[in-house]
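*Asks:*
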Amino acid sequence: GENVEQHPSTLSVQEGDSAVIKCTYSDSASNYFPWYKQELGKRPQLIIDIRSNVGEKKDQRIAVTLNKTAKHFSLHITETQPEDSAVYFCAASTTGNQFYFGTGTSLTVIP
Amino acid sequence: ETGVTQTPRHLVMGMTNKKSLKCEQHLGHNAMYWYKQSAKKPLELMFVYSLEERVENNSVPSRFSPECPNSSHLFLHLHTLQPEDSALYLCASSQGSQGNSPLHFGNGTRLTVT
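In order, the protein sequence lines correspond to chains A and B.
The C-terminal position of the first sequence is numbered 113 in our numbering, with every residue numbered one higher than the one before it.
The C-terminal position of the second sequence is numbered 103 in our numbering, with every residue numbered one higher than the one before it.
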């Protein structure tokens, strides 16, 4: 089955700096890669996703890049704000409703 | 407000109890999921229902029994659980059966087994 690894497990940045979280996957058949943000005590919420026919996608301060050859994808958050502090999860999915999640990155933005 | 509603939010049960978790989605999706979230671990897929048929059972112990009476409702029946089953149980839904549409999660049920 698919194996998704996520790094780092914790990340602290100063407000206004950029944050980068990286994930690798093992199954070359994976074709959909969502990112979720989970604030303390709340449900995971989709923040951005990318499909395998695209190399990069951007939504305001958030961007995701995908390298299919190397089987890795990354989340980039620019101009970080304290409200960006949360746990971020990457996931990879093939057909058939199977989503495999990384172990999460706890991001702290220091004011 | 979330389109996926889970009840109860918190549950404490003894190892000999029987309880059920409920999930309802108001998004018109055709697939529903149960995930287990434990500290320091990835989200673990437990069950997937697509068009009310179970399409995935990820080697989950039989003390967890899912039920999907229709495309909007999903239950997780619990009996004779173990303390290590204490976790956050998340329900999710998605549209489509190709695995390339996002999951929408509920707020979860925080389960404590004593």
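All C-beta atoms, glycine included, are put in the ideal place defined by N, C-alpha and C.
Whose C-beta lies closer than 7 angstroms to the C-beta of residue -8(B) among residues of the same chain, with five residues either side of it excluded?
*Replies:* Reading the second sequence from its first residue, position 3 is the one you call residue -8(B). Closer than 7 angstroms at Cβ, skipping near neighbours: 14, 15, 16, 93.
*Asks:* Whether or not the region 64 to 80 of chain B and the region 24 to 40 of chain B are in contact is what I'm after, with contact meaning three or more pairs of Cβ atoms, one per stretch, closer than 8 angstroms; do they touch?
*Replies:* Taking 8 angstroms as the limit for Cβ pairs, the verdict is that the region 64 to 80 of chain B does touch the region 24 to 40 of chain B.
*Asks:* Where in the region 25 to 78 of chain B do unbroken runs of the beta strand (DSSP E), each at least 3 residues long, occur, reported from the N-terminal end onward?
*Replies:* Complete beta strand (DSSP E) runs here, min 3: 33 to 39, 42 to 46, 53 to 59, 62 to 68.
*Asks:* If you run the structure through DSSP and keep just helix, strand and coil, what is residue 85(A)?
*Replies:* For the purposes of this step, residue 85(A) is identified with residue 83 of the first sequence, where counting begins at 1. Residue state, collapsed to three classes: helix.
*Asks:* How many angstroms separate the CA atom of residue 65(A) from the CA atom of residue 37(A)?
*Replies:* Position 63 of the first sequence, counting from 1, holds the residue named residue 65(A). Position 35 of the first sequence, counting from 1, holds the residue named residue 37(A). Taking the straight line from one Cα to the other gives about 10 angstroms.
*Asks:* Show which residues of chain A have a CB atom less than 7 angstroms away from the CB atom of residue 75(B).
*Replies:* To locate residue 75(B), count along the second sequence from 1; it is residue 86. Result: empty, since nearest Cβ-Cβ is about 16 angstroms, beyond 7 angstroms.
*Asks:* Beta-carbon of residue 69(A) versus every beta-carbon of chain B: anything under 9 angstroms?
*Replies:* Counted from its first residue, the first sequence places residue 69(A) at position 67. No, because no Cβ of chain B sits closer than 9 angstroms to the Cβ of residue 69(A).
*Asks:* Looking only at its own chain, which residues have a Cβ that is under 8 angstroms from the Cβ of residue 11(A), when we skip the five neighbours before and after it?
*Replies:* For this step, residue 11(A) is matched to residue 9 along the first sequence. Within the same chain, residue 11(A) has close Cβ partners 105, 106, 107, 108.
*Asks:* Looking only at C-alpha atoms, which of 92(A), 95(A), 86(A) sits nearest to residue 112(A)?
*Replies:* Counting from 1 along the first sequence, the entry for residue 112(A) is found at position 110. The shortest C-alpha separation from residue 112(A) is found at 86(A).
*Asks:* Express the C-alpha separation of residue 97(A) and residue 57(A) in angstroms, rounding to a whole number.
*Replies:* By 1-based counting over the first sequence, the position of residue 57(A) is 55. By 1-based counting over the first sequence, the position of residue 97(A) is 95. If I take the Cα positions, the gap works out to 19 angstroms.
*Asks:* Using beta carbons (cut-off 9 angstroms, strictly below), is residue 10(B) in contact with chain A?
*Replies:* Working through the second sequence from its first residue, we reach residue 10(B) at position 21. So, not an interface residue.
*Asks:* Output needed in chain order: residues of the region 76 to 110 of chain A with a Cβ under 9 angstroms from some Cβ in chain B.
*Replies:* Cβ contacts with chain B come from 91, 93, 95, 96, 97, 98, 99, 100, 101, 102, 103, 104, 105, 106.
*Asks:* What residues in the region 57 to 83 of chain B bring their beta carbon closer than 8 angstroms to a beta carbon of chain A?
*Replies:* Hits within the stretch, in order: 79, 83.
*Asks:* Determine which residues share a DSSP beta bridge with residue 29(A) and list them.
*Replies:* The residue labelled residue 29(A) in the question sits at position 27 within the first sequence. According to DSSP, residue 29(A) bridges with nothing at all.
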